[in-house]
Structure formats: structure tokens, C-alpha cells
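Numbering (my numbering), first residue to last: 23 to 278.
C-beta atoms are modelled at their ideal positions from N, C-alpha and C, and glycine is treated no differently.
Everything on this sheet refers to the single structure shown next.
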């Protein structure tokens with residue numbers, strides 16, 4: 023699962039991400055926290071022209087980690103276009119995703135930023151605040167699954183339960199989808215086997231003339247009876263050809 027954090031600098035994303043990561047691990051979920059700052063801080067200085075590389079490298083890191091772990095994205099993600107990019111990564115890996123929107127009053131955020139030494143200038147936070155695309159305001163796909171007021175006490179047990187519940191539901195849906203696809207593949211093979219047998223009987227003149235219509239009706243009858251019995255796996259296919267031939271031979275002999 024991809025867990026996308028959204029919030030302004032100094033809202034408390036990194037603190038939240040670390041605590042959430044620990045709580046998930048204690049509940050048996052292997053996870054990793056990834057943010058662009060990890061890549062950004064590898065450079066000796068910051069330059070605007072580095073940002074495209076930082077973004078692409080972060081996405082590659084997320085994409086790779088998502089194959090094995092729950093991934094918590096610790097970034098501002100304050101544009102919905104950034105959230106869309108992340109959701110696309112999750113969908114490409116057939117993984118579920120959640121958006122967690124972390125918020126606090128602007129004066130609280132600015133005060134926190136001053137206390138931590140203004141890692142991000144307050145002027146930049148104000149600029150981001152004015153440009154901020156609040157999750158869910160424009161698009162349904164962008165609605166946050168969880169909203170956290172970081173200036174209040176945070177119930178991590180509740181948050182973890184929501185995350186795990188969504189993960190379980192996704193797993194069940196995926197399992198049912200795979201089972202349905204498997205049954206369809208098996209049924210397609212049964213359909214082909216019975217068509218091949220009918221073609222064989224016609225080609226070898228086992229049936230001819232009016233009997234061709236009869237054998238086609240018998241095939242439908244055989245498939246209808248077979249469909250009432252659930253085909254669980256490909257082992258069911260082993261005797262289909264011989265069973266169908268036996269069915270045809272008995273019915274054709276009875277009709278003579």
C-alpha cells in the first residue's frame with residue numbers, strides 16, 4: 023500500500039510518519055518512509071535545477087520499495103498533480119493507496135517553523151499555503167482517507183486500524199478477482215475442448231446432416247450440466263474430452 027502524506031512544511035509530517043511507521047511495524051506490517059528530502063540532502067548545496075532529478079529519483083525509489091513494503095511518502099505533496107503522480111505509481115503496481123491530510127492553523131505552523139530553526143523560510147511556507155491544493159476540493163479521487171489535526175492529540179490506533187482495514191479489503195477483492203479470472207480461463211478451455219470434439223465428429227463423419235444440429239444441442243446440454251458443478255482448478259480439465267465423447271456416444275446411440 024502507498025500512504026501519501028499531504029501537508030505544509032512544519033505541520034508535523036516527519037514526526038507523524040516515524041510514529042506511524044513504528045505503529046504499523048508493531049502490527050506486523052513491514053514498511054518504509056520515503057521523502058524527497060533524503061535525496062535533496064545528498065547534495066552539498068540546493069539548486070532549483072536539481073529538483074527534477076530529485077523528484078524522478080524519489081518516484082523510482084517509491085516504485086521499487088512498493089513491490090515489497092507499505093510505503094509512507096513523507097513530502098508536502100501540496101499540488102494535486104503530485105498526488106496524481108504517486109497514485110499512478112500505486113496503480114501501475116496494482117497497489118492500494120491512501121491519502122492522509124495533515125493540517126494545523128497557519129500560525130501554529132509558522133511558530134513551529136521558527137522553533138525548528140526556519141529550515142524553510144516562513145515566506146516560502148506562506149507562498150505554499152496560498153498555492154496549496156487542499157485534498158478532495160477539486161477531484162473525487164483526491165479525497166483524503168484520513169484527516170489529522172496535528173495540533174491536537176493523534177489517535178494512532180484508530181489510524182492504523184483504518185489503514186489495515188483498507189488493506190484487508192483490497193486483498194479480498196484482489197483474491198476474488200484472481201479466482202474469477204482463473205475460473206473464466208478454465209471455462210474457456212472447456213469451451214474449446216468441446217468445440218474441438220464436435221469438429222472432430224463432423225470431420226470424421228461420425229455425425230452428418232441433421233445429426234450435426236443434434237450434436238450442437240448435446241454440446242450445449244453438456245456444458246449446462248457441467249456449469250452447475252464448480253470448476254475449481256485445471257485438474258477438472260483432465261477428463262473433459264473423454265467425458266464429453268462418452269456423453270455424445272451414449273446420447274447419439276440412444277437417439278438411433
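Within the same chain, show all residues whose beta-carbon is closer than 6 Å to that of residue 269, passing over the 5 residues directly before and after it, in chain order.
244, listed in sequence order.
Between which two residues does the alpha helix (DSSP H) containing residue 46 stretch?
Unbroken alpha helix (DSSP H) run through residue 46: 35-48.
Pull the bridge partners of residue 125 from the DSSP assignment, please.
171.
Let me see if you follow: with CB-CB separation under 8 Å, is residue 171 close to chain D or not?
The chain labelled as chain D is not found in the depicted structure, where only one protein chain is given.
Is residue 49 buried or exposed, if buried means 16 or more other CB atoms sit within 10 Å of its CB?
Label assigned to residue 49: exposed.
Just verifying my parser: in three-state terms, what is the DSSP assignment at residue 92?
In the structure shown, residue 92 sits in a strand (DSSP, three-state: E or B).
So which of 69, 211, 87 and 109 has the shortest CA-CA distance to residue 165?
Ranking 69, 211, 87 and 109 by Cα distance to residue 165 puts 109 first.
Distance check for residue 124 and residue 141, CA to CA, integer angstroms please.
C-alpha separation (whole angstroms): 19 Å.
Quick one: is residue 65 buried, meaning 16 or more other Cβ sit within 10 Å of its Cβ, or exposed?
Exposed, by the Cβ-count rule.
Which one of 84, 135 and 24 has the shortest CA to CA distance from residue 31?
Residue 31 has its Cα closest to that of 135, out of 84, 135 and 24.
Just to confirm the assignment, what range does the alpha helix (DSSP H) spanning residue 53 have?
Premise fails: residue 53 lies in the beta strand (DSSP E), 53-56, not in any alpha helix (DSSP H).
Leaving out five residues on either side along the sequence, give the residues of the same chain with a beta carbon under 7 Å from the beta carbon of residue 76.
Correct list, in chain order: 58, 61 and 62.
Would you say the region 37-49 touches the region 76-91, given that touching needs at least three Cβ pairs under 8 Å?
Touching, no, given that fewer than three Cβ pairs across the two stretches are closer than 8 Å.
In whole angstroms, what is the alpha-carbon distance linking residue 216 and residue 241?
Distance between the alpha carbons of residue 216 and residue 241: 7 Å.
Let me check understanding here. Comparing Cα to Cα, which of 203, 207, 187 and 275 lies closest to residue 119?
Out of 203, 207, 187 and 275, 187 has the C-alpha closest to the C-alpha of residue 119.
Measuring CA to CA, which of 157, 128 and 160 is closest to residue 145?
Answer by Cα proximity: 128.
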